[in-house]
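This report concerns only the one structure given below.
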Amino acid sequence: MEWLGVLERIAAGEGASTEFKRGLDLPGIGRAMCAFANTEGGVIILGVDDSQTIVGVREDTESVQERLTSFLQTGCSAPVSALCGRHHDPSGWVHWIEVPRQRGLEPLRYDGRVWVRRARSSVEPSPSELQDLYNDFGYILTEERSILAATSSHIDLARFGAYLRALGLDTEEEPQPAEEDDLRNRGVLTKSGDALRATLYGVLAFGRDPQRYPQTRSFRVECVAYAGEDRASDSLQVADAGGRLDEQVERAVGWFAGLGRFETYRGLIREDRPLLPRPAIREALVNAVVHRDYSITGSKVLFEVFGRHVDVTSPGTLPNHMSVESVRAGAHPRSRNESLANYMLAMGFMEQRGRGWPMMRRDMREFNGSEPEIAQDDRNRYVRVTFRLDPSRNQQGE
Numbered sequence: 019m020e021w022l023g024v025l026e027r028i029a030a031g032e033g034a035s036t037e038f039k040r041g042l043d044l045p046g047i048g049r050a051m052c053a054f055a056n057t058e059g060g061v062i063i064l065g066v067d068d069s070q071t072i073v074g075v076r077e078d079t080e081s082v083q084e085r086l087t088s089f090l091q092t093g094c095s096a097p098v099s100a101l102c103g104r105h106h107d108p109s110g111w112v113h114w115i116e117v118p119r120q121r122g123l124e125p126l127r128y129d130g131r132v133w134v135r136r137a138r139s140s141v142e143p144s145p146s147e148l149q150d151l152y153n154d155f156g157y158i159l160t161e162e163r164s165i166l167a168a169t170s171s172h173i174d175l176a177r178f179g180a181y182l183r184a185l186g187l188d189t190e191e192e193p194q195p196a197e198e199d200d201l202r203n204r205g206v207l208t209k210s211g212d213a214l215r216a217t218l219y220g221v222l223a224f225g226r227d228p229q230r231y232p233q234t235r236s237f238r239v240e241c242v243a244y245a246g247e248d249r250a251s252d253s254l255q256v257a258d259a260g261g262r263l264d265e266q267v268e269r270a271v272g273w274f275a276g277l278g279r280f281e282t283y284r285g286l287i288r289e290d291r292p293l294l295p296r297p298a299i300r301e302a303l304v305n306a307v308v309h310r311d312y313s314i315t316g317s318k319v320l321f322e323v324f325g326r327h328v329d330v331t332s333p334g335t336l337p338n339h340m341s342v343e344s345v346r347a348g349a350h351p352r353s354r355n356e357s358l359a360n361y362m363l364a365m366g367f368m369e370q371r372g373r374g375w376p377m378m379r380r381d382m383r384e385f386n387g388s389e390p391e392i393a394q395d396d397r398n399r400y401v402r403v404t405f406r407l408d409p410s411r412n413q414q415g416e
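Under this note's numbering, read the sequence shown as residues 19 to 416, first letter to last.
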């Protein structure tokens with residue numbers, strides 16, 4: 019870009035493709051650079067204030083050029099192919115960075131976060147915008163895919179060791195494989211460029227903080243209890259069940275147990291009963307977090323309690339061409355996330371493969387005479403399991 023083009027942008031003011039900085043504000047430059055690259059490109063002009071007045075950059079001009087050149091290579095999660103220019107105005111040096119729209123394996127991140135341009139501001143995208151952005155980049159997240167910000171230090175080795183022991187492996191007998199080799203051989207780490215990165219499987223099964231990354235922030239269970247029969251009703255209790263997959267299930271089940279119990283009578287004998295049998299709810303939640311489609315990056319598993327029923331909704335359709343009818347018949351499941359399924363099975367969170375749905379049916383028939391229902395919405399891409407609450411209950415706990 020020539021100086022005349024820069025002057026035209028200064029005269030037009032800040033907008034969706036132009037940002038002004040008085041000086042070498044690297045954090046602000048990083049956010050804007052990342053946002054422009056992820057959106058439609060733009061120009062960052064240094065030495066101009068918000069009133070469109072040229073004030074000049076006070077730092078040494080050669081030093082500024084060197085720092086900008088270095089920042090383009092190392093400031094964001096991947097190098098930015100931008101062009102730098104400068105011009106000496108009577109008010110001082112003006113520098114500019116011309117950032118093109120950039121596409122790669124995934125959106126650029128600055129300071130660990132994805133940024134996009136919205137009017138005059140660089141902002142973090144909403145969950146749905148983030149999903150659209152990943153789709154635009156052609157990034158499809160599977161359990162084998164690496165999370166570029168996740169390193170081996172983000173893996174809880176104690177948890178990984180507990181998993182190995184659950185498999186019946188001796189973790190004390192020498193010789194033991196090197197830690198990184200073992201993690202890589204078991205799909206927890208994978209090579210990405212010149213470095214080892216944790217896979218989605220590694221993060222969700224053994225990560226210290228699984229929701230810390232832009233791609234995984236929504237990979238949790240959202241728990242909501244409503245006063246009525248639909249989402250238009252007032253919400254009574256809301257919680258987010260995050261953490262590793264097993265922690266998500268336990269936290270969601272614990273939240274549900276905290277909603278209370280109800281009384282029934284058998285003759286003159288009072289019985290204090292839970293709202294639903296714990297094993298059935300636990301199995302539905304396990305299936306939801308294990309079999310969900312993790313390429314749908316902006317959505318959560320929903321655990322919703324209404325006046326007369328409970329829904330567990332999982333993003334994505336049934337895996338590997340399974341049908342609702344085959345699930346009801348107790349067909350052997352074919353998971354799209356085989357490593358996660360094997361992990362939850364080894365840790366005691368899953369029934370033997372194919373027994374989950376028959377077990378839920380049995381538990382519900384014995385509990386209140388109903389059966390769980392399963393439905394799939396191909397258009398909106400979700401699977402929902404519904405449990406009917408006992409119509410005879412006369413009092414829910416507070």
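No residue lacks a Cβ here, since even glycine has one placed at the ideal position from N, Cα and C. Just so you know, these numbers come straight off a predicted model, no measurement behind them.
So for residue i, helix, strand or coil by DSSP?
{"i": "residue 171", "result": "helix"}
{"i": "residue 357", "result": "helix"}
{"i": "residue 57", "result": "coil"}
{"i": "residue 414", "result": "Unreliable positioning characterises residue 414 in this predicted model, as indicated by a pLDDT of 42, which lies under 50. A coordinate reading is not provided."}
{"i": "residue 29", "result": "helix"}
{"i": "residue 131", "result": "strand"}
{"i": "residue 24", "result": "helix"}
{"i": "residue 165", "result": "coil"}
{"i": "residue 145", "result": "helix"}
{"i": "residue 181", "result": "helix"}
{"i": "residue 62", "result": "strand"}
{"i": "residue 107", "result": "strand"}
{"i": "residue 268", "result": "helix"}
{"i": "residue 87", "result": "helix"}
{"i": "residue 388", "result": "coil"}
{"i": "residue 404", "result": "strand"}
{"i": "residue 301", "result": "helix"}
{"i": "residue 346", "result": "helix"}
{"i": "residue 292", "result": "strand"}
{"i": "residue 219", "result": "helix"}
Short of 8 Å in beta carbon distance, which residues of its chain neighbour residue i, apart from the five on each side in sequence? Order them along the chain.
{"i": "residue 155", "result": "121, 122, 123, 124, 125"}
{"i": "residue 396", "result": "335"}
{"i": "residue 374", "result": "301, 304, 305, 351, 368"}
What whole-angstrom Cβ distance do residue i and residue j have, given they're in contact under 8 Å?
{"i": "residue 206", "j": "residue 178", "result": "7 Å"}
{"i": "residue 201", "j": "residue 171", "result": "Contact doesn't hold; Cβ gap of about 11 Å is too wide."}
{"i": "residue 354", "j": "residue 337", "result": "4 Å"}
{"i": "residue 382", "j": "residue 306", "result": "No, residue 382 and residue 306 are not in contact; Cβ-Cβ is about 17 Å, not under 8 Å."}
{"i": "residue 328", "j": "residue 405", "result": "5 Å"}
{"i": "residue 18", "j": "residue 63", "result": "As displayed, the chain neither begins before 19 nor continues past 416, which places residue 18 out of reach and without an answer."}
{"i": "residue 98", "j": "residue 90", "result": "5 Å"}
{"i": "residue 190", "j": "residue 321", "result": "Going by Cβ atoms, the distance from residue 190 to residue 321 rounds to 39 Å, so no, they are not a contact pair."}
Between which residues of its own chain and residue i is the CB-CB distance below 6 Å, once the five residues before and five after are set aside?
{"i": "residue 74", "result": "65, 109, 110, 111"}
{"i": "residue 32", "result": "38, 138"}
{"i": "residue 412", "result": "Only weak support is given to the placement of residue 412: the predicted model assigns it a pLDDT of 45, under 50, and the value that follows is read from those uncertain coordinates. Cβ neighbours of residue 412 beyond the five flanking positions: none."}
{"i": "residue 235", "result": "229"}
Please go through the same chain and pick out, in chain order, the residues whose beta-carbon is closer than 7 Å to the beta-carbon of residue i, but skip the five residues on each side of it.
{"i": "residue 96", "result": "122, 126"}
{"i": "residue 85", "result": "42"}
{"i": "residue 394", "result": "335, 336, 342, 401"}
Whose CA, out of the options, lies closest to the CA of residue i?
{"i": "residue 310", "options": "402, 196, 347, 261", "result": "402"}
{"i": "residue 70", "options": "88, 163, 36", "result": "36"}
{"i": "residue 161", "options": "308, 45, 389", "result": "308"}
{"i": "residue 209", "options": "297, 168, 274, 391", "result": "168"}
{"i": "residue 302", "options": "270, 277, 278", "result": "270"}
{"i": "residue 257", "options": "248, 275, 246, 250", "result": "275"}
{"i": "residue 79", "options": "391, 62, 104", "result": "104"}
{"i": "residue 365", "options": "341, 181, 55, 272", "result": "181"}
{"i": "residue 399", "options": "313, 374, 391, 356", "result": "313"}
{"i": "residue 45", "options": "34, 93, 19, 390", "result": "93"}
{"i": "residue 22", "options": "107, 175, 253", "result": "107"}
{"i": "residue 211", "options": "175, 148, 166", "result": "166"}
{"i": "residue 390", "options": "68, 56, 294, 88", "result": "294"}
{"i": "residue 143", "options": "272, 57, 119", "result": "57"}
Using beta carbons (cut-off 7 Å, strictly below), is residue i in contact with chain B?
{"i": "residue 111", "result": "Among the chains in the structure shown there is no chain B, since it carries only a single protein chain."}
Stretch pair the segment 310-320 + the segment 329-347: three plus CB contacts closer than 8 Å: Yes: at least three Cβ pairs fall under 8 Å.
Three-pair Cβ contact test at 8 Å for the segment 185-197 versus the segment 228-237: Using a Cβ-Cβ distance cut-off of 8 Å, the segment 185-197 and the segment 228-237 are not in contact, since fewer than three pairs of beta carbons, one from each stretch, lie closer than that value.
Three CB pairs or more closer than 8 Å across the segment 50-58 and the segment 125-139: Contact between the segment 50-58 and the segment 125-139 is present, because at least three Cβ pairs lie under 8 Å.
Segment contact flag, the segment 70-85 with the segment 132-151, C-beta cutoff 8 Å, min 3 pairs: These segments do not touch.
Validate contact between the segment 219-228 and the segment 248-267 using beta carbons, cut 8 Å, 3 pairs: Flag = yes, the segment 219-228 and the segment 248-267 touch.
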